[in-house]
Amino acid sequence: DLLIDSPYTRTTPPGSPVAGGFLKITNNGKETDTLIGGSVDFSEAVEVHEMPMVDGVMQMRQLEDGLDIPPGETVELKPGGYHIMFIKLKEQMIEGEKHKATLTFKNAGDIEVEFVVKDISQTMGKGMKHGMKHDGQPGQMNHTKQLSEMPDLMRVVMMHSDKLNLSDEQQAELKKWRESSNDKVQGMAKAVEAANEELLNLALGDADKAALEAQYETIAAQRKAIVDAKIACRANMQRVLNAGQYQTLQSLYKENFVMAGK
Numbered sequence: 017d018l019l020i021d022s023p024y025t026r027t028t029p030p031g032s033p034v035a036g037g038f039l040k041i042t043n044n045g046k047e048t049d050t051l052i053g054g055s056v057d058f059s060e061a062v063e064v065h066e067m068p069m070v071d072g073v074m075q076m077r078q079l080e081d082g083l084d085i086p087p088g089e090t091v092e093l094k095p096g097g098y099h100i101m102f103i104k105l106k107e108q109m110i111e112g113e114k115h116k117a118t119l120t121f122k123n124a125g126d127i128e129v130e131f132v133v134k135d136i137s138q139t140m141g142k143g144m145k146h147g148m149k150h151d152g153q154p155g156q157m158n159h160t161k162q163l164s165e166m167p168d169l170m171r172v173v174m175m176h177s178d179k180l181n182l183s184d185e186q187q188a189e190l191k192k193w194r195e196s197s198n199d200k201v202q203g204m205a206k207a208v209e210a211a212n213e214e215l216l217n218l219a220l221g222d223a224d225k226a227a228l229e230a231q232y233e234t235i236a237a238q239r240k241a242i243v244d245a246k247i248a249c250r251a252n253m254q255r256v257l258n259a260g261q262y263q264t265l266q267s268l269y270k271e272n273f274v275m276a277g278k
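Be aware that the sequence shown starts at 17, since it is given in the numbering used here, and climbs by one per residue.
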């Protein structure tokens with residue numbers, strides 16, 4: 017009596033510990049059934065999760081008693097809502113792959129399904145990126161990163177939003193933060209560039225030691241302001257993202273910038 021529609025999971029970066037599973041379940045029977053778990057070859061555990069807002073913060077937690085599928089209704093497991101969580105991945109999820117899985121229901125028992133791995137980029141690409149098309153240019157973000165060794169986490173979110181399983185609420189929170197802080201940070205970056213040029217002019221001119229030291233102190237203070245802004249950005253990320261998403265964000269940063277030598 018249960019119909020499973022379009023199961024899929026998302027691509028993951030190398031070393032990612034988790035992946036989400038999404039699908040629609042229709043109960044054509046006369047009694048409520050409950051999705052309580054499952055099993056796959058590519059992860060050590062399969063859990064059913066929800067993502068409620070608690071005191072204004074999005075949290076992810078396991079549904080210990082499972083997810084009810086009422087009779088005559090369709091329940092959608094989707095990013096930012098109910099979903100299956102594949103815990104402790106044994107391999108990277110690569111676009112186009114298909115993975116067999118067993119979903120376990122309280123009444124129906126085990127049902128065999130197949131999850132397709134998709135690389136979905138539109139989750140925030142058309143929302144967050146479009147809303148910031150004038151102030152989120154890659155070149156500008158590269159500038160800011162070069163001025164501080166603090167990780168540019170917002171840049172990674174914009175590049176790989178599809179891999180973070182962000183809810184609409186999370187996207188809105190991050191977009192709001194980006195729009196409110198971007199002009200300020202870019203202004204800091206331009207100020208450092210201008211100060212560096214001035215330092216070069218002073219050094220090539222007749223400036224004495226005191227003038228050079230004063231200019232260097234100005235640049236150091238400006239760089240510290242950028243670091244402080246990035247620390248605030250990190251704190252906001254930790255507030256908006258759940259633990260699993262933040263861990264994935266860290267892995268993505270290391271993959272794209274640390275391991276790549278950028």
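Think of the CB as a built atom: it goes at the ideal place given N, C-alpha and C, for glycine as much as any other residue. Since this is a predicted model, take the numbers as computed values, not measurements.
Taking the continuous beta strand (DSSP E) assigned at residue i, which residues delimit it?
i: residue 118; result: 114-121
i: residue 212; result: Run containing residue 212: none in the beta strand (DSSP E); it sits in the alpha helix (DSSP H), 184-220.
i: residue 61; result: 59-66
i: residue 84; result: 83-85
i: residue 265; result: Per DSSP, residue 265 belongs to no beta strand (DSSP E); it is in the alpha helix (DSSP H), 259-269.
i: residue 51; result: 49-56
Find the nearest neighbour of residue i within the set the options, judged by alpha-carbon distance.
i: residue 170; options: 191, 179, 184; result: 191
i: residue 11; options: 232, 204, 206, 203; result: Residue 11 is absent from the structure shown; the chain starts at 17 and stops at 278.
i: residue 33; options: 54, 61, 40; result: 61
i: residue 114; options: 128, 121, 122, 123; result: 128
i: residue 121; options: 259, 85, 58; result: 85
i: residue 118; options: 102, 106, 108, 107; result: 102
i: residue 229; options: 243, 135, 214, 242; result: 214
i: residue 272; options: 201, 168, 96, 238; result: 168
i: residue 177; options: 63, 135, 212, 202; result: 135
i: residue 255; options: 98, 186, 22; result: 186
i: residue 238; options: 57, 98, 208, 219; result: 208
i: residue 95; options: 206, 24, 220; result: 24
Rounded to whole angstroms, what is the Cα-Cα separation between residue i and residue j?
i: residue 37; j: residue 248; result: 32 Å
i: residue 28; j: residue 52; result: 24 Å
i: residue 19; j: residue 83; result: 15 Å
i: residue 44; j: residue 131; result: 22 Å
i: residue 269; j: residue 180; result: 12 Å
i: residue 152; j: residue 125; result: Reliability of the predicted coordinates at residue 152 is poor, the pLDDT of 38 falling under 50, and the value obtained from them is presented with this limitation in mind. Each residue's Cα considered, the two are about 49 Å apart.
i: residue 68; j: residue 188; result: 15 Å
i: residue 246; j: residue 184; result: 23 Å
i: residue 47; j: residue 196; result: 50 Å
i: residue 17; j: residue 77; result: 28 Å
i: residue 266; j: residue 224; result: 44 Å
i: residue 149; j: residue 173; result: Caution is warranted here: a pLDDT of 36 is assigned to residue 149, below 50, making its placement in the model unreliable, and no coordinate value can be reported.
i: residue 108; j: residue 259; result: 19 Å
i: residue 79; j: residue 234; result: 53 Å
i: residue 262; j: residue 39; result: 24 Å
i: residue 97; j: residue 81; result: 16 Å
i: residue 252; j: residue 22; result: 34 Å
i: residue 193; j: residue 200; result: 11 Å
Can you pull the DSSP bridge partners for residue i?
i: residue 26; result: 134
i: residue 40; result: 21, 92
i: residue 129; result: 117
i: residue 101; result: 36, 63
Which residue marks the beginning of the alpha helix (DSSP H) containing residue i, and which one marks its end?
i: residue 235; result: 225-256
i: residue 174; result: 169-175
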